[in-house]
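Asker: The numbering of the sequence shown is the UniProt record's numbering, which starts it at 1 and goes up by one.
Even for Gly, the Cβ is constructed at its ideal location relative to N, Cα and C.
Structure incoming, see below.
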Amino acid sequence: MSTVQERFDLVQKFIKSGNTGGKELDNSQKLQLYALFKQISEGPCKGSAPSKLKVVERAKYDAWKKLGTISKEKAQEQYIKVIENVWPKWNEKAKL
């Protein structure tokens with residue numbers, strides 16, 4: 001059995017490969033993955049929120065801020081689950 005970090009690394013490899021069978025993420029999934037990736041790479045959201053007039057930046061900030069203080073490992077697990085919901089057999093393609 002592989003560790004969460006190893007599975008997360010494989011998920012990243014799968015996404016970068018482009019071997020997604022033509023299936024794409026919707027905007028809410030992209031936003032969720034963005035927030036989770038920021039949590040994994042930088043930890044909890046810090047700093048002040050962008051202006052509400054900057055809609056995209058504010059949505060990204062709010063999604064990241066909403067994660068609170070979840071751990072890196074928990075964020076990786078959630079990231080993997082999002083990918084598994086879209087591509088249930090992602091791990092088979094990632095190993096190619």
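May I ask which residues mark the beginning and end of the alpha helix (DSSP H) holding Asn27?
Answerer: Asn27 -> alpha helix (DSSP H) spans 27 to 42.
Asker: Given a threshold of 16 other Cβ atoms within 10 Å of its Cβ, counted over all protein chains shown, does Gln32 qualify as buried or as exposed?
Answerer: Flag for Gln32 reads buried.
Asker: Residues in the same chain with beta-carbon distance under 8 Å from Ile15, minus the five sequence neighbours each way, listed in chain order, please.
Answerer: These residues qualify, in order along the chain: Ile83.
Asker: Counting Cβ pairs, one atom from each stretch, are 3 or more of them under 8 Å apart for the stretch 29 to 43 and the stretch 63 to 76?
Answerer: Yes, they touch.
Asker: Using beta-carbon positions only, say whether Leu25 and Ala94 come within less than 8 Å of one another.
Answerer: Not closer than 8 Å, so no.
Asker: Between Lys81, Ala63, Asn19, Lys46, which lies nearest to Val4 when the distance is taken from Cα to Cα?
Answerer: It is Lys81.
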